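Asker:
Numbering (this note's numbering), first residue to last: 19 to 371.
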């Protein structure tokens, strides 16, 4: 499902590129064992830099859903985009698994085959699985959005926001959710701003001020959380950003979108082409636990370099290197597999009418 085909705004496409780079940076910290290393060391400049380096994971989920909700809440939908997503997921699952088998990184097994031919793995915190399911719900969510008045829309957001965000951020209160339901809330939130807050969305000063303020508070919360973690011997570094429904994660994600929404960037085919590989970058570098271990521990040896004087250079080079490599791979896949396949399907569909 997708909106009717139109040229994407390069400011939003550049935003998606930056989001994916920041997400890889978060994975560099959280999937490599570096976070465990941080907690074995004392509070200092290196530990502060690296915890801040990895703070963007959950806010970025909100950013992607804000983009989806803002631009799709009024659009017509179809199933072609969803089918492309599904084929992309299956392609990378199968190809990466077979490559790992071929190079002796893992053994061929029935469970491995089954796990990689099933596109839906977990309806909880697995982003890809939940996004595939959520996409199927968008036409029905749009019916709800387009048939509510402003007061009803706002009231719904107050109720959901209180349950998910306010209670979810309050210590000692447990809010259990899955990403499908959370995506729905963020989508409805973004649609409210699209429908009723046009003047606010186009006020560049508001979003620059809001982003700078929230970003600063987020950094301070991470630094303070790290300091408290050492003192209390508890892992509280990312408490206000540790899940997508935490208050700071919501505010940071939304303000980051507002910042890029108001940027004046000329249409760029290059930016748009690179951004088209965003989902592919995610599917490659975060494909599975096996991929995470192989990439961050075995290949890039992140923890080894964390304990050297070159830690920050290694982090930056690895993040950019992983992003560029994954973009190249996915653009090649688009060119030699996806575009010819869906062009043939479109021709067949027209002939069969």
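We put the CB at the ideal spot given by N, CA and C, even for glycine. Model, not experiment: these values are computed from the prediction.
1. What residue range does the alpha helix (DSSP H) around residue 320 cover?
2. Which of the three DSSP states is assigned to residue 142 in this structure?
3. Since residue 379 contacts residue 87 with CB under 8 Å, what's their CB separation in whole angstroms?
4. Using three-state DSSP, classify residue 26 as helix, strand or coil.
5. So, for residue 324: in the same chain, excluding its five sequence neighbours on each side, which residues have a beta-carbon less than 6 Å away from its beta-carbon?
6. Counting C-beta neighbours from all protein chains within 10 Å, is the total for residue 362 16 or more, i.e. buried, or is it exposed?
7. In angstroms with no decimal places, state the Cα-to-Cα distance between residue 193 and residue 201.
8. Which whole runs of the alpha helix (DSSP H) in the region 270-353 are 4 residues long or more, in chain order?
9. Are the CB atoms of residue 313 and residue 332 nearer to each other than 9 Å?
10. Just to confirm my understanding: we take residue 265, look at its own chain, exclude 5 residues before and 5 after, and list those with CB closer than 7 Å. What are they?
11. Short check: CB of residue 50 to CB of residue 227, under 9 Å?
12. The alpha helix (DSSP H) spanning residue 260 covers which residue range?
13. For residue 368, count neighbouring C-beta atoms within 10 Å of its own C-beta (all shown protein chains included) and say buried if the count is 16 or more, exposed if not.
14. Mind reading off the beta-carbon distance from residue 145 to residue 110? Whole number of angstroms is fine, and I expect it under 8 Å.
15. Have a look at residue 308 and residue 120 and give me their C-alpha separation to the nearest angstrom.
16. From which residue to which residue does the alpha helix (DSSP H) around residue 179 run?
17. Got a sec? Which residues, its chain only, sit under 7 Å from residue 364 by beta carbon, not counting five neighbours each side?
18. Taking the alpha carbon of residue 138 as the point to measure from, which residue in 130, 149 and 128 has its own alpha carbon closest?
19. Please report the residue range of the alpha helix (DSSP H) in which residue 59 lies.
20. Leaving out five residues before and five after residue 298 in sequence, what residues of the same chain have Cβ atoms less than 6 Å from its Cβ?
21. Does residue 20 come out as helix, strand or coil in the three-state DSSP assignment?
22. Under the criterion of a Cβ to heavy atom distance below 8 Å, does residue 113 qualify as lining the ligand ADP?
23. Can you tell me the Cα-Cα spacing of residue 19 and residue 41, whole angstroms?
24. Using a Cβ-Cβ cutoff of less than 6 Å, which residues in the same chain neighbour residue 157 once the five nearest sequence positions on both sides are dropped?
25. Please state whether DSSP places residue 100 in a helix, a strand or coil.
26. What are the boundary residues of the alpha helix (DSSP H) that residue 216 is part of?
27. Within its chain, find whatever has a CB closer than 6 Å to the CB of residue 293; leave out the 5 residues flanking it on each side and keep chain order.
28. To the nearest angstrom, report how far apart residue 246 and residue 58 are at their CA atoms.
29. If you check the beta carbons only, do residue 302 and residue 151 fall under 9 Å apart?
Answerer: Reading it off the structure:
1. Against the chain shown, residue 320 aligns to sequence position 302. Element bounds for residue 320: 320-324.
2. For the purposes of this step, residue 142 is identified with residue 124 of the chain shown, where counting begins at 1. In the structure shown, residue 142 falls within a coil segment according to DSSP collapsed to helix, strand and coil.
3. Lying before the first or after the last residue shown, residue 379 is absent from the chain, which here runs from 19 to 371.
4. One-based indexing of the chain shown puts residue 26 at position 8. Coil at residue 26, not helix or strand.
5. For this step, residue 324 is matched to residue 306 along the chain shown. Same-chain partners within the cutoff: 52 and 55.
6. Mapped onto the chain shown, residue 362 falls at position 344. Exposed, by the Cβ-count rule.
7. If you number the chain shown from 1, residue 193 lands on position 175. If you number the chain shown from 1, residue 201 lands on position 183. Looking at the two C-alpha atoms, the distance is approximately 15 Å.
8. Within the region 270-353, the complete alpha helix (DSSP H) runs of at least 4 residues are 287-293, 296-303, 307-310, 320-324 and 329-351.
9. Within the chain shown, the letter at position 295 stands for residue 313. Within the chain shown, the letter at position 314 stands for residue 332. In this structure, residue 332 does not lie closer than 9 Å to residue 313 by Cβ.
10. As a working mapping, residue 265 is identified with position 247 in the chain shown. Here the set comprises 183, 187 and 258.
11. Taking the chain shown and counting its residues from 1, the one referred to as residue 50 is at position 32. Taking the chain shown and counting its residues from 1, the one referred to as residue 227 is at position 209. Their beta carbons are not under 9 Å apart, which means residue 50 does not touch residue 227 by this criterion.
12. Sequence index remark: in the chain shown, residue 260 carries index 242 (1-based). Boundaries for residue 260: no alpha helix (DSSP H) harbours it, and the DSSP string shows neither H nor E there.
13. Looking up residue 368 in the chain shown gives position 350. By the 16-neighbour rule on beta-carbons within 10 angstroms, residue 368 is exposed.
14. For this step, residue 145 is matched to residue 127 along the chain shown. For this step, residue 110 is matched to residue 92 along the chain shown. Not really, about 14 Å apart at Cβ, beyond 8 Å.
15. Position 290 of the chain shown, counted from the first residue, corresponds to residue 308. Position 102 of the chain shown, counted from the first residue, corresponds to residue 120. Residue 308 and residue 120 have their C-alpha atoms roughly 14 Å apart.
16. On the chain shown, position 161 is the one that residue 179 refers to. Taken as a continuous stretch (DSSP letters only), the alpha helix (DSSP H) holding residue 179 covers 168-179.
17. The residue labelled residue 364 in the question sits at position 346 within the chain shown. Excluding the 5 residues flanking it on each side, residue 364 has no same chain C-beta neighbour closer than 7 Å.
18. To locate residue 138, count along the chain shown from 1; it is residue 120. Nearest option by C-alpha distance: 149.
19. For the purposes of this step, residue 59 is identified with residue 41 of the chain shown, where counting begins at 1. No alpha helix (DSSP H) holds residue 59; DSSP gives it neither H nor E.
20. Taking the chain shown and counting its residues from 1, the one referred to as residue 298 is at position 280. Excluding positions up to five away in sequence, the list reads 348.
21. Mapped onto the chain shown, residue 20 falls at position 2. At residue 20 the pLDDT is 38, less than 50, meaning the model places this residue with poor confidence and gives no usable figure here.
22. This structure lacks the ligand ADP; in fact it carries no ligand of any kind.
23. For the purposes of this step, residue 19 is identified with residue 1 of the chain shown, where counting begins at 1. For the purposes of this step, residue 41 is identified with residue 23 of the chain shown, where counting begins at 1. Its pLDDT being 38, under 50, residue 19 is placed unreliably by the model, and nothing is read from it.
24. The residue you call residue 157 lines up with position 139 of the chain shown. If the five residues before and after residue 157 are omitted, its C-beta is found closer than 6 Å to the C-beta atoms of 95, all from its own chain and listed in chain order.
25. On the chain shown, position 82 is the one that residue 100 refers to. Residue 100 falls in the helix class under three-state DSSP.
26. The residue given as residue 216 occupies position 198 in the chain shown. Run containing residue 216: 216-219, per the alpha helix (DSSP H) assignment.
27. To locate residue 293, count along the chain shown from 1; it is residue 275. The beta carbon of residue 293 sits closer than 6 Å to the beta carbons of 31, 34 and 35 from its chain, once the five residues preceding and following it are set aside; these are given in chain order.
28. Numbered from its first residue, the chain shown carries residue 246 at position 228. Numbered from its first residue, the chain shown carries residue 58 at position 40. Roughly 14 Å separates the two Cα atoms.
29. What you label residue 302 is simply residue 284 of the chain shown in a count that begins at 1. What you label residue 151 is simply residue 133 of the chain shown in a count that begins at 1. Between residue 302 and residue 151, the C-beta spacing is not below 9 Å.
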